[in-house]
Amino acid sequence: MECRMAWGKQNPCYQDAIAIRRAVFIDEQGIAPEEELDGTDEDKMHYVGYVDDQPVTTARIDMLAGNRVKIQRVATVATARHQGYAGELIKQIIADAQKSDIARISLDAQVTAMAFYRELGFTPVGETFKEAGIDHRTMQYRAKEN
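Here the sequence shown is numbered in the working numbering, starting from 50 and rising by one per residue.
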């Protein structure tokens, strides 16, 4: 799998990310388009994983204060699930964060995906909460020791 990334919305990588997010979050999970397309994509980094030049998985990165990033909108098209692509993408994001001196990485995992993130080294924090009508829990990854 080839990972590509780009800032903002004015690039082909973003268009591929949005196509995946629409298919997974809006079409499959029934999330309202205005909730999924929250108007904040312009100031985010978009990662997309490609297999045979076809976009199969994506994630959005929000840069936070204090050398922290938040992974958001992780999605894989139905035909490419259970192949390890999202895991590869998350590992690439972690590697890039470590090169950039990022100390902590967080994400809000759908409860059904928590085991997947645990396998990648994330640990749950806080209580379960609802986002877009779906149970989530915040998880963290320590990219660097303090």
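Backbone N, C-alpha and C fix where the C-beta goes; we use that ideal spot for every residue, glycine too.
Treat the numbers as computed from the prediction; the structure is a model and nothing was measured.
Please state if the CB of residue j and the CB of residue i are separated by a distance shorter than 7 Å.
i      : j      : result
Arg70  : Ala124 : yes
Tyr99  : Glu51  : yes
Ile139 : Leu113 : no
Val105 : Ile154 : no
Buried or exposed: where does residue i fall if 16 or more other Cβ atoms within 10 Å of its Cβ makes it buried?
i      : result
Pro82  : exposed
Lys93  : buried
His95  : buried
Arg167 : exposed
Asp65  : buried
Glu77  : exposed
For residue i, which residues in the same chain have their Cβ closer than 7 Å to its Cβ, ignoring the five residues on either side in sequence?
i      : result
Glu91  : Gly57 and Lys58
Phe178 : His185
Give me the DSSP bridge partner(s) of residue i.
i      : result
Ser155 : Lys119 and Gln189
Glu180 : Ile183
Ordered along the chain, which non-local residues of its own chain (more than five positions away) have a Cβ less than 6 Å from that of residue i?
i      : result
Pro173 : Arg186 and Met188
Leu156 : Ile120 and Met188
Ile183 : Gln159
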